[in-house]
Amino acid sequence: MKLKLLTATLAVVLVSSCGSSPEPATQAAATTPSVLVEDAWVRATVGAKDAGMTAAFMSLTNPGNADIQLTSATSPLAGTVQLHEMAMKDGTMVMQEKAGGINVPATSHTHLSPGGDHVMLMGLKQPLKPGDEVPVTLKFSDGTTHDLTVPVKTFTEEEEHYHPTPTPSAK
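Take 97 as the starting number for the sequence shown in my numbering and just add one per residue.
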């Protein structure tokens, strides 16, 4: 009798556990991370031409199967935060707000770097020196956010072309 009861109980447990487990594809989708943020840093304002603004740079990796856009960013240390790009306008390289955000392609990455796409922090509420940390929140098109504490690093405009000069025209 005990053997029959044990067998029946085991059968019920097996049947109910088989019916309640999610499909493997659902499990994979639930565990696939959103955009990964690495190597973030903010340019120090000490010695900068304009100490009222700076930029944040980082690598964004999208392990998913669909493109995701970085749609906005915020920081309590800045009056305004915008997503910027460097673009050629009337033969001159200019910095401007990037319409539609910054794309992070599926199964690929995007680098936010001096002279390219970046997170612009304007109307800074305090000077930023190397060793400081800046809180930044990134918002993505998939509804996720990333709260970061980004280190401030030394950067001189002579080290890289943060404000690129126009490309000479071919003659």
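All C-beta atoms in this analysis are idealised placements derived from N, C-alpha and C, irrespective of residue type, glycine included.
Check for me: the beta strand (DSSP E) holding A136 runs from which residue to which? 132 to 139
Neighbour-count burial assignment, H259, 16 or more Cβ in a 10 Å radius: In this predicted model, H259 has a pLDDT of only 42, less than 50, meaning its place in the structure is not dependable; the value taken from the coordinates is given anyway. Exposed.
What are the uninterrupted segments assigned as beta strand (DSSP E) that are 3 or more residues long and contained completely in the stretch 149 to 214, given in chain order? 149 to 158, 164 to 170, 174 to 185, 188 to 193, 198 to 200, 204 to 208
Starting from V246, trace the beta strand (DSSP E) both ways and give me its first and last residue. 241 to 249
Could you pull the start and end residues of the beta strand (DSSP E) that K235 belongs to? 229 to 236
Taking only the alpha-carbon atoms, compute the straight-line gap between P247 and V131 and give it to the nearest angstrom. 20 Å
Please list, in chain order, all residues of the same chain as S155 whose beta carbon is under 7 Å from its beta carbon, the five residues on each side excluded. E134, D135, H205, H207
Counting pairs of beta carbons, one from the stretch 227 to 235 and one from the stretch 160 to 180, are three or more of them closer than 8 Å? yes
Drop a sphere of 10 angstroms on the beta-carbon of F251, count the other beta-carbons inside from all chains shown, and report buried for 16 or more, exposed for fewer. buried
Between K39 and M191, what straight-line distance do the alpha-carbon atoms span, to the nearest angstrom? Absent from the model: residue 39. The displayed extent of the chain is 97 to 267, so no value can be given.
Taking DSSP as the reference, what is the three-state secondary structure of L220? strand
Following a CB-centred definition, is I164 positioned closer than 7 Å to any heavy atom of the ligand PLP? No copy of the ligand PLP appears in this structure; indeed no ligand is present at all.
Could you check the C-alpha separation between T263 and G212 for me, to the nearest Å? Note on T263: pLDDT 39, under 50, position unreliable in the model; no value is reported.
Using 8 Å as the threshold, is the C-beta distance between L217 and A151 below it? yes
Straight-line gap, G175 to V215 (C-alpha atoms, nearest Å): 13 Å
Own chain partners of V177 with C-beta closer than 6 Å, once the 5 adjacent residues on each side are dropped: A169, T170, S171, L217
Shortest alpha-carbon distance to D138 belongs to which of T241, G239, S209? Just to set this straight, residue 138 is Val in the shown sequence, not Asp. The residue with the shortest Cα to Cα distance from V138 is S209.
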